[in-house]
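In our numbering, the protein residues as written are 735 to 948. Have a look at the structure below, then the notes.
In structure tokens:
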């Protein structure tokens, strides 16, 4: 879910080859994030088929929870929000266990997207950082950061309202971030430089050797 405007992208005509290529790139990078390994791209059709087959769907309940997320997005615009239409709820065993709307501007926190706030809320309520058995309902399709947070928390299913392409039409363009993720390190917009690897990894080795580690 986008909450900060990224670098601008050149406009393409809807339905043209360039736009189709861009959408394919976005889908591929989202699959790459889901796999967590370079080159492991999952097509939408295959991922959708496997998910639909493994998770039962109650459309009436799903719509009720999505309506709550939409309600929160409106509330966020009017009361304490930062004027952005992004909100999410997390559900476990048929009950809402986490809620949140975008607080990027109000909290001076670029990570305070609606999904992240909802994940933090669920973690506090359930007293755990592992949200297995949970589903998330979010008004906008998750951005790369939120998608990774969802996978880290082990949430098992995502429902979203408007798409990444829809977000771009209102000034929140996540597509550039998906594109950056699948580029080689040397081609990314923000340079990445490895520094003091041995000293840093020494702490990681200490962690591995500690019998009290979590």
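C-beta: ideal position from N, C-alpha, C; glycine also. None of these values were measured; they are calculated from a predicted model.
Rounded C-alpha distance that separates residue i from residue j
| i | j | result |
| --- | --- | --- |
| residue 799 | residue 847 | 18 Å |
| residue 904 | residue 946 | 48 Å |
| residue 925 | residue 879 | 18 Å |
| residue 932 | residue 942 | 15 Å |
| residue 928 | residue 936 | 15 Å |
| residue 915 | residue 901 | 19 Å |
| residue 911 | residue 859 | 31 Å |
| residue 882 | residue 794 | 28 Å |
| residue 841 | residue 877 | 19 Å |
| residue 863 | residue 917 | 30 Å |
| residue 813 | residue 934 | 44 Å |
| residue 808 | residue 817 | 9 Å |
| residue 836 | residue 797 | 21 Å |
8 Å Cβ cutoff met for residue i and residue j
| i | j | result |
| --- | --- | --- |
| residue 868 | residue 804 | no |
| residue 834 | residue 822 | yes |
| residue 870 | residue 884 | yes |
| residue 857 | residue 873 | no |
Among the options, nearest to residue i - alpha-carbon criterion
| i | options | result |
| --- | --- | --- |
| residue 906 | 792, 854, 819 | 819 |
| residue 886 | 873, 892, 865 | 865 |
| residue 891 | 875, 842, 807 | 875 |
| residue 806 | 844, 849, 792, 843 | 849 |
Cβ-based neighbour list, residue i, same chain, cut-off 8 Å, excluding 5 preceding and 5 following
| i | result |
| --- | --- |
| residue 854 | 832, 834 |
Cβ-based neighbour list, residue i, same chain, cut-off 7 Å, excluding 5 preceding and 5 following
| i | result |
| --- | --- |
| residue 826 | 867, 868 |
| residue 938 | none |
For residue j and residue i, believed in contact at Cβ under 8 Å, the rounded distance
| i | j | result |
| --- | --- | --- |
| residue 830 | residue 802 | 7 Å |
| residue 909 | residue 898 | 6 Å |
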